[in-house]
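A short worksheet on the structure shown next.
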Amino acid sequence: MVDPHGATQAGVARPAVPQRHCDVSVWDLPASADPIQLLARLSPVISALASGAAPALAGLPTAELTVTVGLGPRLVGEHTGFRELAEFPVFPGDQVDPDRLGGDLLLQLCANDPLTLTTAAAEVARTIEATPKWRQTGFRGPATDSGAARNVLGFVDGIVNPRTDADLAREVWLDGDQAVRAGCVAVVRRMRLDVAGFLAQPVAEQERIFGRRRATAEPLSGGGPQADVDLGAKTPDGQYLIPAGAHVRRAHALTVGAGLMLRRSYNYDNGLDDRGVLFISFQRELRTFVATAHRMAEGDDLLRFATTTASAAFLILPGFTEDAPLGASLAR
Numbered sequence: 001m002v003d004p005h006g007a008t009q010a011g012v013a014r015p016a017v018p019q020r021h022c023d024v025s026v027w028d029l030p031a032s033a034d035p036i037q038l039l040a041r042l043s044p045v046i047s048a049l050a051s052g053a054a055p056a057l058a059g060l061p062t063a064e065l066t067v068t069v070g071l072g073p074r075l076v077g078e079h080t081g082f083r084e085l086a087e088f089p090v091f092p093g094d095q096v097d098p099d100r101l102g103g104d105l106l107l108q109l110c111a112n113d114p115l116t117l118t119t120a121a122a123e124v125a126r127t128i129e130a131t132p133k134w135r136q137t138g139f140r141g142p143a144t145d146s147g148a149a150r151n152v153l154g155f156v157d158g159i160v161n162p163r164t165d166a167d168l169a170r171e172v173w174l175d176g177d178q179a180v181r182a183g184c185v186a187v188v189r190r191m192r193l194d195v196a197g198f199l200a201q202p203v204a205e206q207e208r209i210f211g212r213r214r215a216t217a218e219p220l221s222g223g224g225p226q227a228d229v230d231l232g233a234k235t236p237d238g239q240y241l242i243p244a245g246a247h248v249r250r251a252h253a254l255t256v257g258a259g260l261m262l263r264r265s266y267n268y269d270n271g272l273d274d275r276g277v278l279f280i281s282f283q284r285e286l287r288t289f290v291a292t293a294h295r296m297a298e299g300d301d302l303l304r305f306a307t308t309t310a311s312a313a314f315l316i317l318p319g320f321t322e323d324a325p326l327g328a329s330l331a332r
């Protein structure tokens, strides 16, 4: 069981290794809706589901179920002084239908058992009075001890992440205003991948696109899978070992000049023509993602095989307890 209570919400940094399955949905609330009341109703439901006490989960494993809740720019602007989310842009190459852009409410459910997950998702949906915008389920393969796992292109994803408490305090958790303290910014993007087109490339070309070995996840600069990427390493004839358009170079925090995202992404499969990555990142500044995305748009070779079809940014609320429900900080 993952304790749903605490200063921070479960499903961001805990459990340390992301669960195998996810159900992510984005909703709009009526203009007259009171999000504080909605969150107060939702809190005991989350507690009962996570502990296995909910009648709907009788006989099912708790499966490290987590439910993580975020609010979109409109509601955040109405109830806090936090204004960053209003600056979330559409990026070059995005093909996002307006119905899949933005939203008022994010629900991220994760679990290691798909039946537990879908049952819990239905229970949560029945608790809220909102209009669904889009929903996506996802899955992850076997993960390393650090939580990294292979994506649908066959490469290990999520190797470079903040992991220690100090890393998370620096890169993820918000401080300052009590309404948002111990929350964070979440970015959710559904990225359809041309899996067939990518896999048609020779493995050596695939590795140049990513900047890592497919079999071992080692950077092309060497040193083993967990080694820092050496962006300055060159061949004897002066060529960079990590190509200029390699994903690990374009997305690297040093080349971007921004912070480090905590990525907990999932694969999705909606049929042969719609497979890809449900990208999920948590960070303390929206700029961390925005600067990275712009840097990638300038020349990341991986983006030739990727099309974003849904996109939104949310404030992940601070955690809650039995005595102080989700959203309690907004009411102060």
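Just so you know, UniProt numbering puts 282 at position 282 of the sequence shown, and the rest follows in order with no gaps.
We treat Cβ as the ideally placed atom computed from N, Cα and C, and that holds for glycine.
Note that the coordinates shown come from a computational prediction; the quantities given were computed from them, not determined experimentally.
Worksheet entry | For residue 174 and residue 83, the rounded distance between their alpha carbons | 13 Å
Worksheet item: Quick one: what's got a C-beta closer than 6 Å to residue 150's C-beta in the same chain, skipping five residues either side?
Response: 141 and 156
Worksheet item: Which of helix, strand or coil does DSSP assign to residue 174?
Response: coil
Worksheet item: How about residue 246 and residue 276: are their beta carbons less than 8 Å apart?
Response: no
Worksheet item: Quick one: any contact between the segment 317-328 and the segment 23-42, if contact means 3 or more CB pairs under 8 Å?
Response: yes
Worksheet item: Helix, strand or coil: how does DSSP classify residue 102 here?
Response: coil
Discussion item. Using DSSP's beta-bridge definition, name the partner residues of residue 68.
Written reply: 108
Worksheet item: Secondary structure at residue 219, three-state DSSP: helix, strand or coil?
Response: strand
Worksheet item: Just to confirm, are residue 311 and residue 158 a CB contact at a threshold of 8 Å?
Response: no
Fill in: Rounded straight-line distance, which links the Cα of residue 222 to that of residue 233
9 Å
Discussion item. Short of 7 Å in beta carbon distance, which residues of its chain neighbour residue 258, apart from the five on each side in sequence? Order them along the chain.
Written reply: 287, 288, 291 and 292
Fill in: Short Cβ contact (8 Å threshold) for residue 67 with residue 162
no
Discussion item. One question on the structure: do residue 116 and residue 23 come within less than 8 Å of each other, judged by their Cβ atoms?
Written reply: no
Fill in: Where the alpha helix (DSSP H) containing residue 41 begins and where it ends
35-51
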